[in-house]
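Below is one structure; the comments refer to it alone.
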Amino acid sequence: MPNTRERGLDAVRVLAMVAIVAGHLWTTSAWVRPVLYTWHVPVFFFLTGFLWNERRGLLAEVRQRTLTVLLPFTAWVVLLTLVVNHGRFWPALHEVALEAWHADGFVRPFWAFWFALALFFSTLLYRAITPLPWTARVAVVIAATVAVATAASTGHHLALDLGQGVLGTGWILAGHALRATSRRAQRRWGEWHDLRSYRAALGALLLVGAALGIAASPTALDVDLGRLDLGAPVVSVLVSLVICAGLVLLGSAVPGSSVPAITTDLARAALVVMLVHLAVIDQVGALAHRSVGELVVVLAAAWGIGLVLLGVPRTWWLTGQRERPAAPLKTSQRIPQPAPAHAE
């Protein structure tokens, strides 16, 4: 069965990846955190839940996430350490391993590497509680989130960014719940395709409402999962979930034919961009303008690396993506083709 992708959701992934790179490039801009941080990383966890495979078991999940997330994470740690610290490779690699173990933040160019570990653990944690009823799942996720956030506020962090993974399960749960709700709506009111205009309207309404809420709030509502910072208690998480739901509903409402085909390739290369973009920023940092032009250069370079690797055979250990099967050759109807040897 072919693995079909929704281009509208791929467009959401690409938008979020652009926002992440912009957030790391324009770190001193006052608007970046309130506008971008509330959703740009959380939406990846939300999408994971929205596209959740309910038939996969825990062992299969471990294998899948090891091949698609953990292995690329490890490979890029080694490669970037070799490039950046080739003169002291083994000590530098040991330092990165310690940073991962202590979970108190990677140093550049590994800032964003926490995401891969968090995604790996969050999917396994959510897979472990998926058999539970929805009410029990919600209770477990809320309790675990409160425990991790409370511990983080006192300076205690779980090793290997497991705490960030625990927080990520909240967005996975919400995305999965939205998908389940969408399926119930489809059974009651019509086909998913027929509800497209309603999804678009609801998604736009959620985004507008969240934007108005952020603008009117006297306090910052941004969320920083990497630092275990959930912002204003309860409110920041709710605003983030509303934005993520709005983006996903809008993305799912967009007809695939109206989204450029390259969007899917850009989305498939997103993990590579996540892991290499800070190294690219450091290389072009001499420009120091932090302009839109520099953002374009960084995006082009990071995505260029990802797209090239997608086109090279047997590089799944760097991209986390399987090779696409070659399209079958089309034969001309006007030229007779020889019958197979076994044909009668």
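In this text, residue positions in the sequence shown follow our numbering: the first is 55, and each later residue adds one.
All residues carry an ideal CB built from backbone N, CA and C; glycine is no exception.
Between the Cα of residue i and those of the options, spot the shortest distance and give me the residue it belongs to.
| i | options | result |
| --- | --- | --- |
| A170 | L179, G285, R181 and L124 | L124 |
| A201 | L63, L69, L113 and L284 | L284 |
| D278 | A190, V291 and T235 | V291 |
| W155 | L214, L266 and L363 | L214 |
| L71 | A198, H331 and I226 | Checking the sequence shown, residue 71 turns out to be Met, not Leu. If we check each option's Cα against that of M71, H331 comes out closest. |
| V327 | T58, A65, I74 and R59 | I74 |
| V262 | V89, R59 and W85 | V89 |
| H78 | L372, G339, V132 and P367 | G339 |
| E115 | V334, G159, A182 and L136 | A182 |
| T235 | A258, A264, A265 and W188 | W188 |
| I268 | L101, G358 and V293 | V293 |
| P287 | Y252, W85, V66 and A203 | A203 |
| G280 | L113, R110 and A172 | A172 |
| L372 | L329, P185, W85 and L256 | L329 |
| A333 | T317, L353 and G347 | L353 |
| G111 | A84, L295, N139 and T184 | T184 |
| F160 | L186, V131 and H140 | V131 |
| L256 | G300, S271, E108 and V95 | G300 |
| L101 | E60, L266 and N139 | E60 |
When you compare only the Cα positions, how much space is there between residue i and residue j?
| i | j | result |
| --- | --- | --- |
| V302 | R142 | 44 Å |
| D319 | L361 | 7 Å |
| R233 | A355 | 35 Å |
| R241 | L212 | 42 Å |
| A76 | F174 | 24 Å |
| L260 | T273 | 20 Å |
| I196 | G224 | 7 Å |
| T385 | S311 | Confidence at T385 is low in this model, with a pLDDT of 45, below 50, so its placement is unreliable and no value can be given for it. |
| A166 | V350 | 19 Å |
| D64 | W106 | 15 Å |
| L133 | P163 | 12 Å |
| L249 | P314 | 22 Å |
| T58 | D158 | 38 Å |
| Y180 | L282 | 18 Å |
| A323 | I335 | 17 Å |
| A231 | V289 | 19 Å |
| W357 | A264 | 30 Å |
| A401 | V97 | Since the first residue shown for the chain is 55 and the last is 398, residue 401 is missing from the structure and cannot be characterised. |
| E153 | T135 | 13 Å |
| P390 | A129 | Caution is warranted here: a pLDDT of 44 is assigned to P390, below 50, making its placement in the model unreliable, and the coordinate value is therefore given only provisionally. If I take the Cα positions, the gap works out to 49 Å. |
| R117 | R253 | 34 Å |
| A397 | P367 | The predicted model places A397 with a pLDDT of 36, which falls under 50 and marks its position as unreliable; any figure quoted below should be read in that light. When rounded, the distance between both Cα atoms is 34 Å. |
| A86 | W80 | For clarity, residue 86 is Val in the given sequence; the question names Ala instead. One C-alpha to the other measures close to 7 Å. |
| T177 | R376 | 19 Å |
| A393 | R378 | Model confidence at A393 stands at a pLDDT of 39, short of 50, so the residue's coordinates are unreliable; what they give is reported in the following sentence. Taking the straight line from one Cα to the other gives about 28 Å. |
State the CB to CB distance for the pair residue i and residue j, rounded to an integer number of angstroms; the pair is presumed to be in contact (CB under 8 Å).
| i | j | result |
| --- | --- | --- |
| L325 | G374 | 5 Å |
| D276 | T92 | 5 Å |
| G62 | A307 | 7 Å |
| F22 | G217 | For the chain, the structure presents residues 55 to 398; residue 22 sits outside this window and is missing. |
| V220 | A239 | Not confirmed; about 30 Å, so no contact. |
| V66 | G305 | 4 Å |
| A228 | L295 | 5 Å |
Beta strand (DSSP E) runs wholly inside the segment 192–233, at least 3 long, in chain order
The segment 192–233 contains no whole beta strand (DSSP E) run of 3 or more residues.
Would the segment 195–209 and the segment 142–155 be scored as touching if the rule is three or more Cβ pairs under 8 Å?
Because the criterion of three Cβ pairs below 8 Å is not met, the segment 195–209 and the segment 142–155 do not touch.
What runs of the alpha helix (DSSP H), each 4 residues or longer, lie entirely inside the segment 308–347?
Runs found: 316–322 and 324–337.
Which residue spans inside the segment 249–295 form an unbroken alpha helix (DSSP H) run of at least 4?
Counting only runs that start and end inside the segment 249–295, the alpha helix (DSSP H) elements of at least 4 residues fall at 250–270.
Which runs of the alpha helix (DSSP H) spanning at least 4 residues fall entirely within the segment 97–149, listed in chain order?
Within the segment 97–149, the complete alpha helix (DSSP H) runs of at least 4 residues are 112–119 and 125–138.
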